[in-house]
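Number of protein chains: 2
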Amino acid sequence: MSRNRASSLAAVAELAGVSTATVSNALNRPEIVAEATRERVFAAARQLGYVPSSVAAALRRGMSRMIGLVLPDITNPFYSAIADGVADAADEERYGVALCVSHDDPVRELRHFELLAQQRAVGALVVPLTAEPSRLATLRSVGTHLVLVDRIAERDEGCSVAIDDVLGGRIAAHHLLATRGPRLALVNGARSIEQCENRRAGARKALRQSGVDPDGMIEVTVDDMTIEEGRRAGVRLAASPQLAGVFCTNDQLATGVVRGLSEQGIRVPEDVAVVGYGDLALATEGPLGLTTVEQPKWLLGRTAVEKLVQEVADQQLAGAQHQHSATLFQPSLVVRDSAPAG
Amino acid sequence: MSRNRASSLAAVAELAGVSTATVSNALNRPEIVAEATRERVFAAARQLGYVPSSVAAALRRGMSRMIGLVLPDITNPFYSAIADGVADAADEERYGVALCVSHDDPVRELRHFELLAQQRAVGALVVPLTAEPSRLATLRSVGTHLVLVDRIAERDEGCSVAIDDVLGGRIAAHHLLATRGPRLALVNGARSIEQCENRRAGARKALRQSGVDPDGMIEVTVDDMTIEEGRRAGVRLAASPQLAGVFCTNDQLATGVVRGLSEQGIRVPEDVAVVGYGDLALATEGPLGLTTVEQPKWLLGRTAVEKLVQEVADQQLAGAQHQHSATLFQPSLVVRDSAPAG
DNA sequence: CTCGTCAATTTAATCGTTACAATTGAATGG
DNA sequence: CCATTCAATTGTAACGATTAAATTGACGAG
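As given, the protein sequences belong to chains A and B, one line each in that order. Per the numbering used here, residue 1 is the first one in the first sequence, and the count goes up by one each step. Per the numbering used here, residue 1 is the first one in the second sequence, and the count goes up by one each step.
Structure below.
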C-alpha cells in the first residue's frame, strides 16, 4: 500500500528547476509564465504525478471550494432533483458539494452548519424548515455565504431561489376553469404548510379572475398528503353534484382522488378532470397520465449555485457591494390524460 | 458585511493565557489537560466565537474528514437511498460527504476522482460502472481509500458492499413456485447488465432446485426496463397458456406487466401472480400493491461508510495490515397483492 | 554608456493546526 | 536531600500552497 509521496509543489519546482512560486503561477495563471518555463513545469508535474492540495490552497486563501447543500431528505424526489441541479452546476464551476441531510432535525441541521463553517465552505445552499436567522449566525461569522432554496429570503438573510406556488395554483385552477367550468374542488394538505396555503391562494385567485366566487370551491383538507388520503377524498367528492374538476396540491393526492372517484363510478377525465402538483414520476407511472404542475426543480438547484458563485465573485471585487436577490421561478402545466386540453 | 475575524487557536490561547498547543489539546484530547485549564480554554473559545478550521487541521494531518460519494444519478431512488444511508452514517462519524454525480460519464467521473484526490478526501465510496482499475489510480496515489458499492471488488481493488442479486432472483422465483406452480415467465432487461443476468440466474437456480427445467421458463427480454415495455410484455404473455406467475427484474416492468395482462383480461393475482424487484415507491403507489424483492439500500450506504472508517482506523494503527472485505447483503421478499402468500 | 521599462522569476511571509521534543514543577521514594 | 518519575504545559517545526514585494536581466531610448 503506497503512502502518499510525490506530492508538494516544492518537488515539482525542484525537478523543473524553478521556484515554487513559479510552479504555482504556471498552474493557476499560466499566462504570466513564459511558455518554455510553463512547459517545463507541466512536464515535471506530470512526471511526478503531482496532485495539488486544495486543502493547502484553501487554508492560504481562507476559503475552500466547497458548497454545502443542506436539505431535509435526499430520498424525496423534489429534493433529489434540486441536488442534481446543484451537483451539475457545482461541477461546472469546479466546486465540490457537501451533502447534508437534516431529516427535519434542528440538532442535525445545526451540526451541519457547524461542520460547514469548520470546513470553511464558501457557502451553503439551505432548503430550510428550521432556518431561523439565529442558526445561520455561525456560518455567517466565518464568512460563509448563504442561499435559501425553496423559500424567499427576508430582509438580508441572503439570496434565495424559489418557485411561485401561487402562480402554480393559479395555472392549475385556470386550466380546469377553462376546460371544465366553474364547479371545482380543492384537495389540499394542512394550510399551515406554506406551499399548501400558497397553492390554494393561487387557485382562489384564478377563480376570482374568472368572476367566480372562490368560496364556492369545495375544499377537502387532509392530514397526510398520501395516495390513500387522496382516495378517501375522491370517494367523498364523488357525491358532489356537477363536479367539474379537482385540483390537488400534490401528485399523491391526485392519484388517490382519481382512484377514489373511479371506485365510485365517476370517470376521469370524462366526468371529472383532475390536476395534480409536482410532476413526480408518479404522474406518468399510473394507468392514466396525470395533468400536473411542473416545477423547475433542477433549475432551482442550478440557480442557487450560480447565485452563490456570483455572490462570492462580487465580494472579491473589493469595490461593489453584493446586492442580494430573490428569484422566483414559474411553474408550468403539463397536460396529460387526467385533465386534457380543450 | 463582517469579514471573518475571531478565528485562530492563537487568539484563544492568548485570551486563556496558555499556548496554542494546550488549546489544541484541550479541544482534541481533553483528558490530557488539567481540568482548570480546560475550562479556561473552553470559556475563551466560547467568548471569541472560535470556529476551528478543519482545513488547517486537514493540512497538518494529511487528510480531511471528507468522504467522496460517487454515483451515477442522485434522482434514481436506488442511489438516493444509498446516499441517505451514507449521509446518516457519515454524520454519526463526524465526516462530511462530498456528493459527485457522474451521470454515467467517464470524463466526469474522472474529474470527480481528481477533485476528491485534491481535497485529500479520506476515501471514496464509488458506485461504479466505469470503475476500471486505471481510473482509481489517482485516488490511490494520494492515499484515498476506496469502497466499491453495489459491486463486488476483485483482487485488491478494496472493500466492497453489494446486494446478492442471485439470491434475490431465487427468492422471487421460489415464491412463485411455492404459491403457483412451475409454469413461470421471466421479464428481464438486457443480460449484459450484471444485475439482470444475476437475477435471472437466481430464478433459474430456484427452478432447478424445485426439479423444474429452467429452460422451460418463458423469457421476454426488453431493451428499456420501463412500464411501457413491461405492458407490452404483459400483453404478449397473456397469450401463454397456463401461465402461473411472472417474475420481472424491476418494479417498472412488473407494473407494466400487471397492466398489460389486465388489458387482455387476465386478472392479477387471481389468474397470474407477478413479482417485481426493487421495492420502489412504485410498488405501493399503484392500485394493486406489488409483491417485490426489497433491497437494503440504506444499509448498503451505511455499511460502505463503516468499512471505510474501519479501513482508515486499521491503517492508523501502524501494526496490522487492513484486510479488505466484501459484504453481500441479502434481499428479502415483500409480499403484497400482486403475488400473495399461500 | 546609462537609465528606465518591462517581463519573468524569486524571496519570504503567511494561513491555522498538530505533534514531537523539551521544559517545568511537584511529588515520590530511598 | 538528591534522584526519579510523572503530569502538565510549551516551543517550534512542519503541512503545502498563495501572493505581495523584491530582484534580475534584457532591451530600447536618449
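Glycine is no exception: its CB is placed at the ideal position from the N, C-alpha and C atoms.
Taking all protein chains shown into account, decide if residue i is buried (16 or more other Cβ within 10 angstroms of its Cβ) or exposed.
{"i": "SER192 (chain B)", "result": "exposed"}
{"i": "SER19 (chain B)", "result": "exposed"}
{"i": "ALA131 (chain B)", "result": "Residue confidence for ALA131 (chain B) is low, a pLDDT of 47 falling below 50, so the modelled location carries little weight and cannot support an answer."}
{"i": "ASN250 (chain A)", "result": "buried"}
{"i": "ASN188 (chain A)", "result": "buried"}
{"i": "ARG38 (chain B)", "result": "buried"}
{"i": "GLN323 (chain B)", "result": "exposed"}
{"i": "GLN119 (chain B)", "result": "buried"}
{"i": "PRO77 (chain A)", "result": "buried"}
{"i": "ASP215 (chain B)", "result": "exposed"}
{"i": "LEU72 (chain A)", "result": "First, the residue type needs correcting, since residue 72 (chain A) is Pro and not Leu in the sequence shown. Buried, because 16 or more other Cβ atoms sit within 10 Å of the Cβ of PRO72 (chain A)."}
{"i": "ALA34 (chain B)", "result": "exposed"}
{"i": "GLU285 (chain B)", "result": "buried"}
{"i": "LEU177 (chain B)", "result": "buried"}
{"i": "VAL126 (chain A)", "result": "buried"}
{"i": "GLU92 (chain B)", "result": "exposed"}
{"i": "GLY230 (chain B)", "result": "buried"}
{"i": "ALA89 (chain A)", "result": "buried"}
{"i": "VAL107 (chain A)", "result": "exposed"}
{"i": "PRO128 (chain A)", "result": "buried"}
{"i": "ILE32 (chain A)", "result": "exposed"}
{"i": "GLN264 (chain A)", "result": "exposed"}
{"i": "ASN198 (chain A)", "result": "buried"}
{"i": "GLU157 (chain B)", "result": "buried"}
{"i": "ALA10 (chain A)", "result": "exposed"}
{"i": "GLU154 (chain A)", "result": "exposed"}
{"i": "GLY346 (chain B)", "result": "Residue 346 (chain B) is absent from the model: chain B starts at 1 and stops at 342."}
{"i": "PRO241 (chain B)", "result": "exposed"}
{"i": "ASP279 (chain A)", "result": "buried"}
{"i": "ALA273 (chain A)", "result": "buried"}
Counting along the chain, where does the alpha helix (DSSP H) carrying residue i start and finish?
{"i": "VAL235 (chain A)", "result": "227-237"}
{"i": "HIS174 (chain A)", "result": "165-180"}
{"i": "SER80 (chain B)", "result": "77-92"}
{"i": "HIS103 (chain B)", "result": "Segment: none, HIS103 (chain B) is in no alpha helix (DSSP H) and carries neither H nor E."}
{"i": "SER54 (chain A)", "result": "54-61"}
{"i": "GLU351 (chain B)", "result": "This structure cannot speak to residue 351 (chain B), because chain B is shown only from 1 to 342."}
{"i": "VAL23 (chain A)", "result": "20-28"}
Quick one: give me the first and last residue of the beta strand (DSSP E) that residue i is part of.
{"i": "ARG65 (chain B)", "result": "64-71"}
{"i": "VAL12 (chain B)", "result": "First-last for VAL12 (chain B): 9-16, but that is the alpha helix (DSSP H), not the beta strand (DSSP E)."}
State the beta-bridge partners of residue i as determined by DSSP.
{"i": "PHE42 (chain A)", "result": "Note: PHE42 (chain A) sits in no beta bridge, so no partner."}
{"i": "ILE218 (chain B)", "result": "B:ALA185"}
{"i": "GLY123 (chain A)", "result": "A:ILE67 and A:HIS145"}
{"i": "VAL97 (chain B)", "result": "B:ILE67"}
{"i": "THR327 (chain A)", "result": "A:VAL161"}
{"i": "PHE113 (chain A)", "result": "Partner(s): none; PHE113 (chain A) has no beta bridge."}
{"i": "LEU243 (chain A)", "result": "Bridge partners of LEU243 (chain A): none, in fact."}
{"i": "LEU333 (chain B)", "result": "B:VAL293"}
Heavy atom of the ligand ATP less than 6 Å from the Cβ of residue i, yes or no?
{"i": "PRO287 (chain A)", "result": "This structure does not include the ligand ATP; it has no bound ligands of any sort."}
3-residue-minimum beta strand (DSSP E) runs that sit fully inside the stretch 249-317 of chain A, ordered along the chain: Complete beta strand (DSSP E) runs here, min 3: 273-278 and 291-294.
If the cut-off is 7 Å on Cβ atoms, which residues from the stretch 39-58 of chain A count as contacting chain B, listed in chain order? Those would be GLY49, VAL51, PRO52, SER53, SER54, VAL55, ALA56 and ALA58, in chain order.
Of the residues that make up the stretch 235-269 of chain A, which ones have a beta carbon closer than 9 Å to any beta carbon in chain B? Under the 9 Å Cβ criterion, the stretch 235-269 of chain A contributes GLN252, THR255, ARG259 and SER262.
For the stretch 179-204 of chain B, which residues have a CB atom closer than 9 Å to at least one CB atom of chain A, in sequence order? So the list is empty, because no residue satisfies the distance condition.
Closer than 9 Å, Cβ to Cβ, to anything on chain B: give me those residues from the stretch 145-160 of chain A, in chain order. Residues: none.
Of the residues that make up the stretch 285-310 of chain A, which ones have a beta carbon closer than 8 Å to any beta carbon in chain B? Taking 8 Å as the Cβ-Cβ cut-off against chain B, the residues of the stretch 285-310 of chain A that qualify are GLU285, GLY286 and PRO287.
Any C-beta of chain B within less than 9 Å: which residues of the stretch 12-26 of chain A qualify? Residues are counted here when their Cβ sits less than 9 Å from a Cβ of chain B; for the stretch 12-26 of chain A the count is zero.
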